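Residues in the sequence shown are numbered from 1 upward in steps of one, following my numbering. Taking it in order: structure first as structure tokens, then the write-up.
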Amino acid sequence: MAEPRGLVISAPSSGSGKTVATLGILRALVRAGRKVSSAKVGPDYIDPRFHAAATGLPCINLDGWAMRQSYVETLAASSGGVSELFVVEGVMGLFDGSHSGVGSTADLAAMLGLPILFVLDVRNQGQSAAALIHGFATFRDNCKIAGVILNRVGSPRHTQIIETALEPLGIPVVGAIPNMPQLDVPSRHLGLVQADEHPDLDAFLDGAAELVEANVNIARLEEIAAPLTVRRSNAPGLPPLAQTIAVARDEAFGFSYPHILESWRQSGAEVKCFSPLADEAVPEADAVFLPGGYPELHAGKIATNKNFLTSLTNAGEHGALIYGECGGFMVLGEALTDAEGEEHQMAGLLPVHTSFAKRKLHLGYRRFKHNGALPYPRILRGHEFHYSTVLSQGIGETLFDVEDSTGQDLGAVGLRCGSIMGSYAHVIDQEAAP
Numbered sequence: 001m002a003e004p005r006g007l008v009i010s011a012p013s014s015g016s017g018k019t020v021a022t023l024g025i026l027r028a029l030v031r032a033g034r035k036v037s038s039a040k041v042g043p044d045y046i047d048p049r050f051h052a053a054a055t056g057l058p059c060i061n062l063d064g065w066a067m068r069q070s071y072v073e074t075l076a077a078s079s080g081g082v083s084e085l086f087v088v089e090g091v092m093g094l095f096d097g098s099h100s101g102v103g104s105t106a107d108l109a110a111m112l113g114l115p116i117l118f119v120l121d122v123r124n125q126g127q128s129a130a131a132l133i134h135g136f137a138t139f140r141d142n143c144k145i146a147g148v149i150l151n152r153v154g155s156p157r158h159t160q161i162i163e164t165a166l167e168p169l170g171i172p173v174v175g176a177i178p179n180m181p182q183l184d185v186p187s188r189h190l191g192l193v194q195a196d197e198h199p200d201l202d203a204f205l206d207g208a209a210e211l212v213e214a215n216v217n218i219a220r221l222e223e224i225a226a227p228l229t230v231r232r233s234n235a236p237g238l239p240p241l242a243q244t245i246a247v248a249r250d251e252a253f254g255f256s257y258p259h260i261l262e263s264w265r266q267s268g269a270e271v272k273c274f275s276p277l278a279d280e281a282v283p284e285a286d287a288v289f290l291p292g293g294y295p296e297l298h299a300g301k302i303a304t305n306k307n308f309l310t311s312l313t314n315a316g317e318h319g320a321l322i323y324g325e326c327g328g329f330m331v332l333g334e335a336l337t338d339a340e341g342e343e344h345q346m347a348g349l350l351p352v353h354t355s356f357a358k359r360k361l362h363l364g365y366r367r368f369k370h371n372g373a374l375p376y377p378r379i380l381r382g383h384e385f386h387y388s389t390v391l392s393q394g395i396g397e398t399l400f401d402v403e404d405s406t407g408q409d410l411g412a413v414g415l416r417c418g419s420i421m422g423s424y425a426h427v428i429d430q431e432a433a434p
């Protein structure tokens with residue numbers, strides 16, 4: 001296979017249409033016979049599932065704040081190395097990242113040496129679009145906007161006005177996509193509805209591809225891609241929780257990072273997936289991982305799934321390490337109150353009662369220090385993103401001491417009772433050694 005080439009798709013802000021444009025480009029390239037792999041910038045669980053459905057290959061997360069640079073490079077080289085074209089979808093606006101801006105899409109593009117395809121929503125503007133693109137193109141000199149897709153154009157005349165204004169900048173217009181509200185992806189409180197829940201995912205992806213095929217110059221897009229020159233450094237991922245790990249995986253527990261599960265497998269661990277929502281018993285394993293997701297949407301069903309709950313209790317009684325993140329932490333608790341105020345009994349393995357009825361947004365990058373309760377390195381990086389709150393909490397050791405991305409102390413979080421532990425943390429990687 002020839003040396004892979006890559007590009008980064010970004011935008012001035014969230015809501016510009018870059019996700020639908022990215023999905024259309026990915027599926028259009030596949031339909032044209034290209035082997036395409038992809039990545040998503042930042043701590044996003046949902047977009048990567050849409051990417052994987054569009055390409056048929058796993059989509060990785062790349063995070064310039066929460067991951068070591070050597071690990072970012074290793075993941076990018078590994079994913080890009082199996083394809084002809086490596087497409088990276090950015091997060092938020094091009095320069096948006098942590099509190100200081102570190103970890104932005106621009107940072108990732110510079111780290112990987114890849115050009116940027118800029119998706120601009122041009123509703124309600126004409127020549128001013130050129131001024132906006134000029135500003136983004138000249139804001140930093142270590143990343144390059146190599147092409148523009150005009151999104152939600154009103155007419156061919158509208159496109160021509162903006163193309164004329166852009167000519168002095170020397171940045172080509174690769175495509176002009178009309179407004180197609182029927183291709184907007186439905187969302188809920190934590191982002192887009194998951195790919196597995198989309199009523200007709202293949203038809204949606206093919207519709208996005210047809211829109212791109214009709215309005216984007218795919219050949220020009222491939223021309224602006226640059227060689228992916230980063231090399232694997234074999235930086236290790238997070239060590240496995242145990243030799244055999246049972247991982248909850250369904251619509252209620254969908255927020256597990258592929259790079260973590262794959263790092264466990266590469267370390268020789270066996271990963272056994274199961275569905276609590278289908279009332280499957282926890283497989284025999286040395287550790288159980290309950291990731292985040294949307295358990296609050298399925299709390300009534302989970303509360304009645306005795307096969308799952310009993311087997312989880314039995315696993316804990318037999319000494320298995322049980323670790324829950326965010327939604328998984330909520331399910332390990334005594335009760336979960338849903339958005340309607342109805343209380344549902346959960347596993348009762350940790351003395352905590354959480355509620356989605358009293359919503360408060362907790363969002364941001366986090367640095368976690370633990371006291372040896374987990375077989376992870378002591379200092380970790382990740383994020384927190386939830387609306388639920390803790391109504392009551394009983395006696396138990398806290399799991400993490402937490403700082404935000406500015407270094408502000410956020411106190412101790414989570415609970416540990418013997419080998420059973422959990423918190424609202426979403427761990428992404430270990431921190432680089434000083």
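Every residue, glycine too, gets a C-beta built ideally from N, C-alpha and C. None of these values were measured; they are calculated from a predicted model.
Check: Stretch-stretch touch, CB-based, cutoff 8 Å, three pairs: the segment 425-433 with the segment 379-386; Outcome: yes
Check: Check whether cysteine 143 and alanine 109 have beta carbons under 8 Å apart; Outcome: yes
Check: Status (buried if at least 16 other CB within 10 Å, exposed otherwise) for glycine 333; Outcome: buried
Check: Residue interval of the beta strand (DSSP E) (run including arginine 381); Outcome: 379-386
Check: Assigned secondary structure, glutamate 222 (DSSP; H/G/I helix, E/B strand, else coil); Outcome: helix
Check: Enclosing alpha helix (DSSP H) for phenylalanine 289 [first to last residue]; Outcome: No alpha helix (DSSP H) contains phenylalanine 289, which is instead part of the beta strand (DSSP E) from 287-290.
Check: Helix, strand or coil at serine 419 according to DSSP, with G and I counted as helix; Outcome: coil
Check: Proximity to glutamate 73 [Cα-Cα], best of Asn61, Ser83, Glu84; Outcome: Asn61
Check: Host beta strand (DSSP E) of glutamine 430 (start-end); Outcome: 426-430
Check: Same chain, Cβ closer than 7 Å to glycine 300, five either side skipped, listed in chain order; Outcome: His344
Check: Proline 178 - DSSP class collapsed to helix/strand/coil; Outcome: strand
Check: Residue environment, leucine 363, which counts as buried when at least 16 other CB atoms sit within 10 Å; Outcome: exposed
Check: Per DSSP, cross-strand counterpart(s) of tyrosine 446; Outcome: The requested residue 446 does not occur in the structure, where the chain is confined to residues 1 to 434.
Check: Segment limits, alpha helix (DSSP H) that includes isoleucine 436; Outcome: This structure cannot speak to residue 436, because the chain is shown only from 1 to 434.
Check: Touch test, the segment 157-164 against the segment 122-136, Cβ-Cβ under 8 Å, three pairs minimum; Outcome: yes
Check: Where aspartate 107 falls, given that 16 or more other Cβ within 10 Å makes a residue buried; Outcome: buried
Check: Leucine 391 - DSSP class collapsed to helix/strand/coil; Outcome: strand
Check: Cα-Cα separation, glutamine 127 to valine 153; Outcome: 13 Å
Check: Range of the contiguous alpha helix (DSSP H) that encloses leucine 117; Outcome: First-last for leucine 117: 116-121, but that is the beta strand (DSSP E), not the alpha helix (DSSP H).
Check: Contact the segment 44-58 vs the segment 233-246: 3+ CB pairs below 8 Å; Outcome: no
Check: Where alanine 412 sits in the DSSP three-state scheme; Outcome: strand
Check: Residues bridged to arginine 367 [DSSP beta-bridge criterion]; Outcome: Arg381, Glu403
Check: Among Ile9, Ala130, Ser79, Ala209, nearest to threonine 229 - alpha-carbon criterion; Outcome: Ser79
Check: Cutoff 7 Å; reference arginine 232; Cβ partners in own chain excluding five residues on either side; Outcome: Thr74, Ala77, Ser78
Check: Backbone CA spacing between leucine 241 and arginine 416 [nearest angstrom]; Outcome: 15 Å
Check: C-beta atoms of valine 91 and alanine 39 nearer than 8 Å; Outcome: no
Check: Straight-line gap, arginine 435 to histidine 134 (C-alpha atoms, nearest Å); Outcome: Residue 435 is absent from the structure shown; the chain starts at 1 and stops at 434.
Check: Contact belief for phenylalanine 274 with glutamate 280 at Cβ below 8 Å, rounded distance in angstroms; Outcome: 5 Å
Check: Sequence-distant residues of its chain with Cβ nearer than 6 Å to leucine 349 (five each side left out); Outcome: Gly316, Leu332, Ile420
Check: Integer-rounded CB distance, given that glycine 414 should sit under 8 Å from leucine 399; Outcome: 3 Å
Check: Where glutamate 296 falls, given that 16 or more other Cβ within 10 Å makes a residue buried; Outcome: buried
Check: Bounding residues of the alpha helix (DSSP H) (the contiguous stretch that carries threonine 310); Outcome: 306-317
Check: Helix, strand or coil at asparagine 142 according to DSSP, with G and I counted as helix; Outcome: coil
Check: Between the CA atoms of glutamate 397 and glycine 411 - distance to the nearest angstrom; Outcome: 13 Å
Check: Glycine 42 to serine 10 span [Cα, whole Å]; Outcome: 12 Å
Check: Endpoints, the beta strand (DSSP E) within which serine 37 is located; Outcome: 36-41
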